[in-house]
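Worksheet: one structure, shown below.
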Amino acid sequence: MSVVEQVIPELSVPRREQVAIVGGGASGVLTAFQLLAGSDDALSVTVHEATGVLGRGIAYGTSDPRHLLNVRARHMSAYADVPSDLLDWARRAGRDPDPLGFLPRMEYAAYLQDTLADVADHRLTISAGRVDDIVPVPGGFEIRTRDRVTTAATVVLAYGNQKPQELAALSGLPAYIANPWDLGAIRALPGDATVVIVGTGLTAIDTAITLLEDEPGRRAVMVSRHGLLPHAHIEQQSTAWVSEVPEGPLSADGIAAFVRGQVEAARLHGVDWRNVVDGLRPQTQSIWRRLDLDQRRRFLAEHARDWEVRRHRMAPEVADRIRGYRRDGRLVLAGGGVGGVDVVGGLAELQLPDLRDRVLADAIVNCTGPLTDISRTDDPLLRSLQARGLAAPDPLLLGLDSTPAGEVVGADGVVVPGLYAVGPPRKGTLWESTAIPEIRTQAAEVARSVLGRVTTGS
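Those letters in the sequence shown? Residues 8 to 465, by the working numbering.
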């Protein structure tokens, strides 16, 4: 058993600064790793994870080995300055070390666990149990779970993605599956089930694979407002087409036009549009920060989905499976969202505007993506943080209000000293906050800030 899968007894060393990380998925593990790797005995780190097992979270907690990463292995190292680390780990572990390949998500969880284990020692504590409340006290915070209360001078919120927003019109229907990662419920469906998957993103893709691959008699209808699937990576890809974004004021429409122009210029040179998207990735954060709030809203309303299906792509093997399901008539794609719904003979009958016939469904799976508006959450911790004024939704309702450096901004618009965020909660501030290359950068920056506070005693 990996050291990070054990609950390590908490040590009482008064001179050490206590840092609490809430969340043990990729964001939490990478933050803990950076803190431990960057300090000596100046601090202790406690990772609070409801399950007690680190590294998994929503993204990498799947038990289906056919769920693959959507980023090539060469870009998924925990070390920004050692890009080969994941490949070296895969080679040592007897797994596929192909730098252009796409590892199973569950194997990446094992990599995160082993990476943290490399620096884990007496300074690391893993606390199993869900954090329900964080209370400001002199010198820091109390972190409260159902069973215990601990204190820390610094807290890092690394809770990852929330569960999908509840679909009120569908949630009371027979066989409604609210959590798309409840693979047991999906696998338990009848071998001849017809299932409506609400959503057409990468989570919906993984759900379709679990649903359809093992039972050839099953059928699925995948539906969303736009009806767009993620594009696929291609087998061979040359170096990214790097384009410098023009100086001066930016607008959402202007950026969209710029990208289209670069795609056309690349095409004339025999370069695929994917290289343009990948070449823009290092500049995405600065582009987002150069857009004012109205222009960010314009991007979200008019351009975000077109960007997302090109930016977050399917592995080639996954795309092949999806094409095969559609070719065989086992998977139907529909736009226009969900119209009317009734219960007929104990089953849900849905009207989908894109389809001529109504669909009689044995199950409906909510794959609409994570809830980002924390004012609508039912998560006890996020509700408590807002009630105490320690956190507020960002203006775009994409996560927590925070500074570009990861400091959490309270309801009064002022930074809460000692409270940070890493990963998806920072999407409103930085946009790119859900992929490992960006999360590892955020984790390193927050770790430097925390270590700086410990060093100066501020």
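Backbone N, C-alpha and C define an ideal beta-carbon position, used for all residues, glycine too.
Quantities reported herein were computed from a predicted structural model and do not represent experimental measurements.
| Item | Value |
| --- | --- |
| So the candidates are G31, A57, M229, Q25; which of them puts its Cα closest to the Cα of S46? | Q25 |
| To the nearest whole angstrom, what separates the beta carbons of R337 and L219, a pair I think is in contact under 8 Å? | 6 Å |
| Between which two residues does the beta strand (DSSP E) containing M229 stretch? | 226 to 230 |
| For the alpha helix (DSSP H) containing E149, name the first residue and the last one. | Careful: E149 lies outside any alpha helix (DSSP H), inside the beta strand (DSSP E) at 147 to 152. |
| Cutting at 6 Å between CB atoms, please list the residues of its own chain near E12, excluding the five before and the five after it. | Since pLDDT at E12 reaches only 43, below the 50 mark, its modelled position is unreliable, and no value is offered. |
| Which one of V351, V142, E445 has the shortest CA to CA distance from T158? | V142 |
| What three-state label does DSSP hand S293 in the structure shown? | helix |
| At the level of alpha carbons, what is the spacing between A27 and L405? | 24 Å |
| What do you get for A454, buried or exposed, if any count of 16 or more other CB atoms within 10 angstroms of its CB means buried? | buried |
| Reducing DSSP to helix, strand and coil, say where P21 ends up. | Its pLDDT being 46, under 50, P21 is placed unreliably by the model, and nothing is read from it. |
| Which of the three DSSP states, helix, strand or coil, is assigned to S134? | strand |
| Among I212, D199, V205, P237, which residue has its Cα nearest to the Cα of G224? | D199 |
| Count the other CB atoms within 10 Å of the CB of P171; is the residue buried (16 or more) or exposed (fewer)? | buried |
| With a Cβ-Cβ cutoff of 7 Å, do G376 and G167 count as a contact? | no |
| Is the beta carbon of A341 sitting closer than 7 Å to the one on A355? | no |
| For the structure I just gave you, are there three or more beta carbon pairs, one from the stretch 29 to 47 and one from the stretch 113 to 123, closer than 8 Å? | yes |
| Less than 8 Å between the CB atoms is what I'm expecting for A428 and L403, so what's the real figure, rounded? | Their Cβ separation, rounded to whole angstroms, is 15 Å, which puts A428 and L403 out of contact at 8 Å. |
| Counting C-beta neighbours from all protein chains within 10 Å, is the total for G459 16 or more, i.e. buried, or is it exposed? | exposed |
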